[in-house]
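A.B. asks: Encoded as C-alpha cells, here's the structure I'll be asking about.
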Amino acid sequence: MRVFVAGDAGVVARYLVPRLVDRGHQVTATTTDAAKLDSLRQLGADAVVMDGLNASSVSAAVVAARPEVIIHEMTAISDKPDIKHMDRWFATTNLLRTAGTDHLLAAAVLEAGDADDQLELVRKRQFPLVGQGTGHSSWVHLDDAANATVLAV
Numbered sequence: 007m008r009v010f011v012a013g014d015a016g017v018v019a020r021y022l023v024p025r026l027v028d029r030g031h032q033v034t035a036t037t038t039d040a041a042k043l044d045s046l047r048q049l050g051a052d053a054v055v056m057d058g059l060n061a062s063s064v065s066a067a068v069v070a071a072r073p074e075v076i077i078h079e080m081t082a083i084s085d086k087p088d089i090k091h092m093d094r095w096f097a098t099t100n101l102l103r104t105a106g107t108d109h110l111l112a113a114a115v116l117e118a119g120d121a122d123d124q125l126e127l128v129r130k131r132q133f134p135l136v137g138q139g140t141g142h143s144s145w146v147h148l149d150d151a152a153n154a155t156v157l158a159v
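Position in the sequence shown (from 1) plus 6 gives the number in the working numbering.
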C-alpha cells in the first residue's frame, strides 16, 4: 500500500515509518526542512519537502506520491517549550491541525477523484477509529496505525 505520512520527520517518524516499511508499505514522508530528507530516507521512506500550510505544496506532494492512505502528523512543536506562552508556542501547530488538515483533504479528494464519507467525517473533526481503537480522542495509537489495513482515505 502507498502510504503518505505528512509531517513525519520527528519523534514519530523513528517509530512509525520503519514499521510501515517493514510491513511492506511504500512510504512517502514529508518534512519542511530539506536537511531532514536523508534521515527519512534512512528510515526507508521516499522523502519530500512540503509546507503543510501551503495548499499548492500539499497538493503537489500528494499527487506526486499517489497515496492510498494519508496520515496527518504535521506539527510545529519546537524542542524548547514556551510554557508561559502556550498559545503562541502552539499557534502554527493549531493552523496545521485546521488549515493543514483541509489542505490534505483537498489533495486527497483531488487524488481520489471524488469525495468519500470518511473524508467528510475527518472534515467535521469526527475521526474514524483505526486498528483496535486504542487511541484516545482524535489521537490514534502508533501500534494501531502501523498494524491497520486501512489508516485513512
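Heads up, the beta-carbon is just placed ideally off N, CA and C, and yes, glycines get one too.
(1) Work out the CA separation of Arg72 and Thr107 for me, nearest whole Å.
(2) With hydrogens ignored, establish whether the beta-carbon of Ala15 is closer than 7 Å to any heavy atom of the ligand ATP.
(3) Take Ser65 and list the residues in its own chain whose beta-carbon comes closer than 8 Å to its own, dropping the five residues that flank it on each side.
(4) Which stretch, first to last residue, makes up the alpha helix (DSSP H) that contains Thr36?
(5) Specify the secondary structure class of Arg8 as computed by DSSP and reduced to three states.
(6) What separation, rounded to the nearest whole angstrom, lies between the Cα atoms of Ala105 and Ala70?
C.D. replies: Reading off the structure:
(1) Counting from one through the sequence shown, the residue named residue 107 turns up at place 101. Counting from one through the sequence shown, the residue named residue 72 turns up at place 66. Near 17 Å, if we compare the C-alpha coordinates of Arg72 and Thr107.
(2) As for the ligand ATP, it is missing from this structure, which has no ligand bound.
(3) Position 59 of the sequence shown holds residue 65. Correct list, in chain order: His109, Ala112, Ala113 and Leu116.
(4) The count along the sequence shown starts at 1 and reaches residue 36 at position 30. Careful: Thr36 lies outside any alpha helix (DSSP H), inside the beta strand (DSSP E) at Gln32 to Thr37.
(5) The residue labelled residue 8 in the question sits at position 2 within the sequence shown. It is a strand residue.
(6) Counting from 1 along the sequence shown, the entry for residue 105 is found at position 99. Counting from 1 along the sequence shown, the entry for residue 70 is found at position 64. C-alpha separation (whole angstroms): 21 Å.
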